[in-house]
Each structure stands twice: as structure tokens, then as C-alpha cells.
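Student: Residue 999 in the working numbering is what sits at position 488 of the sequence shown, and the numbering runs on without skipping anything.
I'd like to ask some things about the structure below.
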Amino acid sequence: MAYRWEVDDATAAIVASLQSTTTVETRVLLKPIFRWAKREPDKAYEYVLWLLELYTHGDPDRGINVQPTLQADYAINTLITASQRCGKAFEAERAFTFLPTHNFVPDVFAYTALIDVLGRCGQAEKALQRYDDMLRTPVQPNIVTFTTVLRVLAMSTSVDTSFALSVLDRAKRQNDCDPSLYTEALDMCAKRGDLSLATAILRRRRQDLDNGTLMELLVERTVHSLGRAMRKAESFDIVQKWLDEGLIHDGDRNALTYGRSDASNGREKSAGCLGYETPASVRQSVIQQDIYKLVERSIRGVMPTRMDFETLVHQCRKRKWKDEIDAVFQAMQLLGTNGWQSDDGAIDLPPQPNVLPTASTYLALIDAFICCNAPEHAWKTYMGMDAMAIPRTQAIVRKYIRGTYLAMKDDLTTSAPSVWHLSDVVRLAMRDGIPVTHRMAMYILRLYGNDEVAGLTMLSLLDQERSYTTSVKHHELTYRTLFDELIQACVYAHNASGAIVVWEAFQEFECRAGNGAGREGRTVPTTTATIERVLLLTCMYEPSLDDALRVLRAHQAAHRLLPLSTYSSIVREFHVKFASNMAMNASGITKSLKVLYERRALFEAIEDHAPALRSTDCCSSLACDVEVDGLQWCVSLAPHTSFGVSALLFAHHIHERFTVVRDKAGKVAAEDAARSALRLASDPLLFVLHALLAFPKLDISFRVQAKFAKMLFSLVPSDAVPAAHHRSECFAHLDDMSMYLMQELNSVFDLVAADIVRVATYCARTVVLDHHPEKTLNFVLTRPAFFEPAIADLLVPAFAELYAQGVALVLRYIRASLAYDAVAKTVPLAFTRLVEGFADEYPSADLRPLIKEFQLHDEFAHVVAAHDAALSTRPIQRRADPNVSYWALPLARDRVVFVDSDAAVDAAHRVLLASRVVAWDVEWRPDHMSIHAKSKCSIIQLACDTHVFVCDVFTHCTDAMQAMLEAIVTATVPWKVGFGLHGDIDRLRYSFPDMLCFDSLDEWENVLDLQSYLKSATKKHVVGLSRSCQDILGCPLDKSQQTSDWEARPLTEEQVLYAAADAYCLLDLVRAVDPPQMRAL
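See below:
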């Protein structure tokens, strides 16, 4: 397959850079390999082939010159490594063969990765053979290779365990013998149950590592694995033998006998041999080998680059190897300033200034140290930029701050921002003129939730930074946002007292800024939406509702919260919805936090009108009194505040009032309260309209909004009469409404009669954008005004676009138009032409069902001719074997009915719903025969005891047909039986996206997938229908027509009889196997 790398998301930028002769960073060039190795291995394979082509010949077709500096062997090794990580042995071996094929010598890492993946994929013998092959080459194994071989040996069941002794001997000759190797060898012995070999290895361990004197205890992993092996073999006496011989310590004996408190409980890492717990010697060997490999390329004329070393830093970051990050950095400096001379004299490089660290290098280093949770290393590197005269960038400051936040956020109690030198970071940013953005300030202040005093000090520093850098660059920070973030941090850390301290500091700051002056010289507290929201959340920290209301009143009495009745409503709502056993717990607090954030528009409106809400006499006297009805309070605000904010508060109260009631009496009381409140409004209809429009700001669904619309309009006083200004207000907000609400408003204000053109335009837009267009369609179909020619011209283009997208539901409007003389001829023709116009955008749109149903053959003869030309010949079908006796359909031919008319649909509907069991099957044209990527269902076979109905859903999927299918699916009787129903339901869902009954088998009542049942009963992984018929009914099923063209019309006699047999045989199978769940029939 030819891949178009220039248009692929993963490689388009790479191709563009290579075409412009820009150097592409090695890490970027190889990143697609890791992206595709797991799910698209063939694509990764082809990509590496393309890179090899670039290395040798370039790509003239794409305008890319030969790339002699491209690290082709590194690309192959990357493919091996990526395949190793994904556990794909075949792909790793295929990539390994690239190396000798393209005159590259496999290195130690290529061999090691291949050995590892072969072992983990159950091919231990083959992996060890690769190790032997390696020993016959000049390539020397390293400690990683030895470790991997020992782990693979543990996975083998046929290779003798004594092979481990040769591995240890080889490591000793190369001076690579390390305590970690003996740990691996002992683990291998434990897993293979060879305790005698473990004794021999313990003797070698004592002699080779400690010169005959035992120094160290066994590691936890070894103790656990050996202990498990001894318990399994019941060989506990061997522990005393090891102790007597001096092979283990007393502490080892106790641990092997009784276990240690911090044992691993068997939880071991198994993916590869390089991870967080890799021994230091292994880590050092790996990184030194990687560095040497980069330098060694200079022999072939490929000089190392800074980006190559940054790639090594990135690898250390992923492995959490902080000490090795330093090793890479030192190697960069050494090569950049002094050059490189190998011990054997093979490499003698002069200084390479191009590899010296730059700002991007320090960005990678800081990121890596933070990921390793090494604050001192990160800070030392950050400060080291001054000594190297490398200016910091905002990206580096942002990386340091965000990384610190991510490192600390999960546990603020074990670390402090001072450990990460955050104050110094901000000061240096001020000195360098680097702005601290809002998000960066948020990261910083969120770390001070448990220490409000230090947080205020940091806030003051950030405010200085804000003032200092304002002259340098427009700054998005304000002191209010800083206080917002700090008070949020305290509340989220459950530090309510700290939040109050920050609030008081905020008021002092506002007072000094002159923003707290009120009437008659009094100081009026200032608030923000965030402060209102998070201080309200502190009430939820109290377990009981009474305590929560007490905290709320305390906040309001101290003027920390506005005196709004809405807040007591919210507290009551949350305790009803989220409290468990009348007490608020951690889960309830989390849910409260989520809902408060979703309703932030409410608090933003409160902030905008805070002065009026605080100073209004009505608010001061009534809001804090919980006995005052909140609904009346909201209506009474309208003359004193914005009409919108009073309606918004009313919307919240009315929603809370009706969602917390649990009985009919409570509902009646809530309706009476709403009715009484609306009598106070000067214009009840307008007030209700604004309240309904505010519901989305409270994150309330459109369906609930419409439900409240119906209820509220029924409670409006009878003397309130709809007027022109009400309709004008509706039309002003029409584009913001859902169809659910618009339908309710139309029933009150008759919007269709007021402006049919405006409503039709709205419907045309909504039917395309809405995920459930049937609501709009039902609204249109029940009103003859929408079938006037001018109005139809507005609607038909939208319906055509939906049909082109696969929503066949809109055909209901086209069919309904046939009943109106004014549009009966024009609408179907215009609709079909518009669908044809969408062919380029939606190539799966099929005109043939429209041409047939609306008799448009003359107008669209070119479409029919093109289709006939494309499918002029049917593929040759597999013939049935004449020597085989196939299962025969036990029905007369007249009992097999092809359903392609409304009369046939009605007959099928009656017969099937009267049956006890209906067998289902579906046929579609094979996808490889389709002009488009995927074929849709052509027929659905429904079989009962007396008939088989072959339903033509390709050309006759009418409303009646869909109604019949939905009725059968959702009915308790008949039972539905299929074979491989999950595959069929996927194709049905694709073919009929507007039929909800095909969304999932969960929508079906009393259904049995016979294939799944037989798999469970026979314990087989694969169960086919033909084989099941042979095993159970004595004859196989003839499947010769399975891959025929099911979209061709008319179907052949062989196709019809095959379809009938495919469904009816399921009834015979059910009778034979007698599933327990269907025995009541």
C-alpha cells in the first residue's frame, strides 16, 4: 500500500520540513514509528522503508533530496524498540532483518530488544538462540543483555536452567558482573523451581561479589520469589543449609521463613528490563552505550547533534533516571568544548560547538528533572543558565512552574513550594522581564492552599511582577484574579479559615485601592464570582444541613457572601441530592464542586449586579431570613435590579423547589408558591420567558427546560394575555432556543402564525444541528403551513443535507408533501437534485431509492445508467458442492414472501407479532463490491413457523417498514433469535442511524444470540452457522450466495431462497438445542 506521507497528520510537517531542506529533529522524525507500532505496524514498517529510501536515494516525487545525515540505522532500531514495547515479536524480527539487508551491523541494543520481545511473546528458545547468534559476532553483550537473557530463561520451560551459569561466566569475563545479575539469576531459579541451582548461584554471589565474605542482604524481590518457591516445593530446610554454609544472613533466614512487612506480594514489573527500579549499574551502562553510539557515528561521517542528546534526555525522563540526565548533560559539554577521544583511539573528534546546550536543551533538562521529582537538580539547572549566559524564555519559566504544580498537586502535605524555589523563579522572571501569565499564577497559588500566609506573600510578589511587567507587555493578570486563585486554593484544600484570612486581605487591598466606598461613607465589601462560589462551597464541608446553613448565615452576616436567598436554596438542594444518610461526605462535596462550577454563569451575573443586590433594601431585609419564600423574593428583585438577573435567580429557585420534592403534597405546595410569586410580577409572561431562557446558564438540559415551560405557563395568572412584545422577545432569542422550548412557546404565543418564514428558517437550521432531528420533523409535519411552496423552499435544502449524511428519517417530509397539490411534484424532484449536489461532500449518498420511490427515472436517467455500467456484471459466485446434501427449507415457495410494498408490510406485521419466535438475519452487499467504503443493509429476513418475510429495506424502507421492525424488536413476544447479532446490529445501526432500536441490543426485549449461546455451551472460540447446522441438524447450510450482490434488483431466485433458509434454519436450531431461557414458550 502506498502511503501519502505528505497528507498524514503524523508526517505532513516532517515532509514539509524535508522539502524545504530544514533539519528535522531525530525525535520528531522517529515519533510516528512509536505512534503506529502498536495498532498500525505495517504503516510503521512502510515508514521506515521510506526513511531508508531517503537515506540512499531521496524522494524525487516529493521533491526531497538524499538525506545522508539521516540516522537510518537508528530508525530501524527504533522500529525494533517500538515493536518490543508493544509485544510484537514478528514485527521486531522483520525490522531486525533490515539491518544486515541494508549493510548495517546490529548493535547490542537491537539484539537485546529482539531477545526481550521474543521471550515475552512465548518464544524463549528462539530468543536464546538469538543470544547465541550475538555471541558469534563482534558485538559484545552488556549488562542489559545479560539481565534480559536471565529473564527470558525464567520464561522458558525447555532450556536447561544451568544456562544461567554460562551467562554469569560471560558477564564476569567482561567485568560486567553486578549484584543485579545475581538477583535476576536467583529470581529465575525461583520461577523455575530449581533450588539446587539457586544454591550454586548463592555460592558464586558470595565469591564473586564479596571475595568470600557475605556483605549484603538479599533484596525483597528475591526473598519473596525464593520463599514462594520453597513453599511450593516444601523445602524449608534448605534455608538452614544456606545459613550454615554462610550463603545468607540471619536476616535473610527470618525473611525467607516469616516474610518481611514490606514484601512485594507478587506485584512485579514484567514489561521489559528498563524501568524506574533498574539497578544503577544497568542505567549507567545503558546511557554510556547510547552516548558512545552517538559519537561513534562520526566514523561514518554522521556527526552527533544537539537534538540527538536532547533525545537521550527525553528517554531518561521517561525512565525516571535523574543521575543519567546529568551524564548526558556533561557529555554534551565535554564534546562541545573539548571534543571526544576514545580509549582505543578509534574516535578522535575535535570540539563540536553545535552540541553545546541551548535554551531548548535546558527546557528538556528541567522538564526531565521535574518528572524525576528532583527539585534541587531542577533548580540547579534553572540557575545554571546564568553561568552559561543562556537567556531564559517564557516557555522555560512556564515549564518549571507547571511541572512543579503537577509534581506537588496530589500531595501538598509532603512537600512545600519553597523546596522548589518558586519565589526565586518568580523573582528571576521579573528580573528577565518575562511575564507570569494567569495560568502560571494559578499553578503557583494553587500550591499554597494549606499555607495562606505564605500564599499572601507569594501573591504580593506576583502583584509586583504584574506591575513590573505591565510596561513591558500587556498583562492578563489583575490583583483580583490573584486573590481569586489563592482563595480557591484554600477552599479546595479544605482550609476554610485560611480562605477567610485571604478574603479579609482582599478587602483591605480593595479599601486601599478605593473600591470599597459605599453609601454615607460606609465601607462596602467587594466580591467576585469566584469568591461567592468557593465560599459557598465551604458550607458543604459541614456534615449536616443545619450546620451548613449556620455557616452560610455566618458568611452572610460577616458580609463575606451576598445576602441572597438563592444560596440557602443551593445548600438545601445539594444536601437533598448529594448527602448520604443525611450527612455530606467527600463524594457529595466533589459533586457539589462540579455543579457549582457548571453554574458559574449564575455567580458571574451575581458579581455583575453585586452592588445593587447588596444595597437593595429588599435584599437586606428578606434574603437572610430562610422563612421568606425564595420565589417571591426573586420576583421582588425585578424593580431594583436587572430584569435578567432576577429571572435567573428565579429560574434557580424554581428548579431547586421542584427537584427536591418527594411527594404530591410537596409538588402542590411548590406550585402554589410559584403561582403566588408570579402574581407579583408586572408582566408574568415576560418574566417567565426570561426565566426559561436562563435555564441553560444553570447547566439544565433542554428537555427539563421545556418541562418547566409547560408547568410555569400553566401557573401564570389567567388575566395575563400574550401580546406582540412577547412574540418579539421570543423571536429575538429564537436562535438560542432548543426545539423543545420553541414548541412550548409556540403553543402559548402562536409563533408560526406570527412569522412562518422566521420559524421555518429556524427549523431548517435546527434540524441540521440537532442530534435528534425527529423533534423538529414532527413539529413541521403536523402543520400544513410548512407545505406552502415558499416555506418548502426553505426546508428542503436542510432535509437534503441530512439525507446525504445518512438520516433517512427526513423522507417523512418528502412523502408527506405528496398529499399537498402545490408541492407534490416539485418537492421530491428538488429534494433529489439537492441530494445529488451533495455527492462530492457525502459520497455515500445514494439516489437510487429516491429515484425508484418518487418515480424520477426520466429526470435521473444518467444516474441509473452510471450505476448499471458500474455493476453490469455480477461476480461469479461460489457454486454449491453437488455431492453434499444441504439442509433444505421445509416451507412451500409461496410461504417465502418478498416484502417490497405497503400491503406486504402490513401482512408481515400481523403474522410476525402473532408468532412466538422470530428468527432475524441481515444481508448486505460485500464491502469490496461497493462503490463506497461500506455497504448498507439490503434485506432483513424475518422467519416464523409458517413464513419467511424477506424485507427489502434497500428500496422500500418506509415508515410502515420501520414501524414494523421497531414493534418486533421492542415487543416482549415474540422472542428474537439471531446468529452473530452483534455484527448485524452494527451494520443496522450504520444503515439506519435514525432508528433508535438499532443503537444496541439493550434496546431489544427477549433476544437470544444463538452464536454466543453455542460458544458458551460448546466451549468453542469459533462457531459458524453452516457447521452448527451440520453438527446439530445433520446437514450443513448452503452458503454459496453469501457474497452475492444483494443490492441488485430483482434478486435472483437463488438469493431469495438462500436468504429464507439462512433465517429459518435458526428456528430448527432453537428447537434442537432448547435454550433454558426460552423453555417457557
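Ideal Cβ positions, reconstructed from N, Cα and C, are used throughout, including at glycine.
Tell me the rounded alpha-carbon separation between residue 632 and residue 647.
Tutor: Whole-angstrom Cα-Cα distance: 24 Å.
Student: Identify, in the order they occur along the chain, each residue of the same chain with its Cβ nearer than 6 Å to the Cβ of residue 1315, setting aside the five sequence neighbours on each side.
Tutor: 1346, 1349, 1353, 1356
Student: Just curious, the alpha helix (DSSP H) that residue 1263 is in, first and last residue?
Tutor: Start and end: 1262–1265.
Student: Hey, out of 1082, 1201, 884, 551, whose CA is closest to residue 1060's CA?
Tutor: 1082
Student: Could you work out which residue in 1016, 1074, 998, 1049 is closest to residue 1041 when comparing CA atoms only?
Tutor: 998
Student: Can you tell me which of 852, 761, 1276, 904 puts its alpha carbon nearest to the alpha carbon of residue 870?
Tutor: 904
Student: Expressed to the nearest angstrom, what Euclidean distance is found between the alpha-carbon atoms of residue 641 and residue 685?
Tutor: 19 Å
Student: What are the partner residues of residue 1489, as DSSP defines its beta bridges?
Tutor: 1520
Student: Please work out which residues of its chain come closer than 6 Å, Cβ to Cβ, to residue 908, disregarding the five sequence neighbours upstream and downstream, and give them in chain order.
Tutor: Cβ within range, chain order: 940, 945.
Student: Can you grab the Cα-Cα spacing for the pair residue 700 / residue 582, in whole Å?
Tutor: 41 Å
Student: Go ahead and pull the three-state DSSP assignment for residue 800.
Tutor: helix
Student: Given a cut-off of 7 Å on the beta-carbon distance, is the pair residue 561 and residue 555 in contact?
Tutor: no
Student: Give the secondary structure of residue 452 by DSSP, where H, G and I count as helix, E and B as strand, and everything else as coil.
Tutor: The structure shown does not extend to residue 452, since the chain is modelled only from 512 through 1592, so no value can be given for it.
Student: What does the alpha-carbon distance come out to for the pair residue 774 and residue 1429?
Tutor: In this prediction, residue 774 scores a pLDDT of 38, lower than 50, which makes its location untrustworthy; no coordinate-derived value is stated.
Student: For residue 520, count neighbouring Cβ atoms within 10 angstroms of its own Cβ and tell me buried if that reaches 16, exposed if not.
Tutor: exposed
Student: Given a threshold of 16 other Cβ atoms within 10 Å of its Cβ, counted over all protein chains shown, does residue 1280 qualify as buried or as exposed?
Tutor: exposed
Student: Would residue 704 and residue 665 be called neighbours here (beta carbons separated by less than 7 Å)?
Tutor: no
Student: I'd like to know whether the C-beta atoms of residue 1435 and residue 1557 end up nearer to each other than 7 Å.
Tutor: yes
Student: Whole angstroms is fine: what's the gap from residue 587's alpha carbon to residue 1520's?
Tutor: Those two C-alpha atoms are separated by around 47 Å.
Student: Would you kindly work out how many angstroms separate the C-alpha atoms of residue 949 and residue 933, rounded to a whole number?
Tutor: 16 Å
Student: Strictly by DSSP, which residues pair up with residue 859?
Tutor: For residue 859, which the question treats as bridged, DSSP gives the partners 852.
Student: Between the C-alpha atoms of residue 678 and residue 802, what's the straight-line distance to the nearest angstrom?
Tutor: Approximately 25 Å, taken between the alpha carbons.
Student: For residue 1527, name the three-state secondary structure that DSSP assigns.
Tutor: Residue 1527: helix per DSSP, three-state reduction.
Student: Residue 1538 to residue 1480, Cα distance in whole Å?
Tutor: Straight-line Cα distance between these residues: approximately 28 Å.
Student: Taking the continuous beta strand (DSSP E) assigned at residue 705, which residues delimit it?
Tutor: Residue 705 -> no beta strand (DSSP E), and no H or E assigned at all.
Student: Residue 910 CB to nearest chain D CB: under 7 Å?
Tutor: Of the protein chains in the structure, only one exists, and it is not chain D.
Student: Looking only at DSSP bridge pairs, what is residue 1448 linked to?
Tutor: 1435
Student: Look up residue 1129 in the DSSP assignment and say whether it is helix, strand or coil.
Tutor: Any reading at residue 1129 must be qualified, since the residue scores a pLDDT of 45, below 50, and its modelled position is unreliable; no value is offered.
Student: Taking the alpha helix (DSSP H) that residue 1183 belongs to, which residues open and close that run?
Tutor: Annotation: the continuous alpha helix (DSSP H) that includes residue 1183 extends over 1175–1190.
Student: Less than 7 Å separating the beta-carbons of residue 1051 and residue 1100?
Tutor: In this structure, residue 1100 lies closer than 7 Å to residue 1051 by Cβ.
Student: On the three-state DSSP scale, how would you describe residue 1574?
Tutor: helix
Student: Since residue 1141 and residue 1077 are thought to touch, with beta carbons under 8 Å apart, how far apart are those beta carbons, to the nearest angstrom?
Tutor: Contact flag correct, Cβ pair sits at about 7 Å.
Student: Would you give the residue range spanned by the alpha helix (DSSP H) that residue 1247 belongs to?
Tutor: From DSSP, residue 1247 is part of no alpha helix (DSSP H); its letter is neither H nor E.
Student: Are the beta-carbon atoms belonging to residue 963 and residue 1002 less than 7 Å from one another?
Tutor: no
Student: Should the segment 1319–1330 be regarded as contacting the segment 1281–1299, the criterion being three or more beta carbon pairs within less than 8 Å?
Tutor: yes
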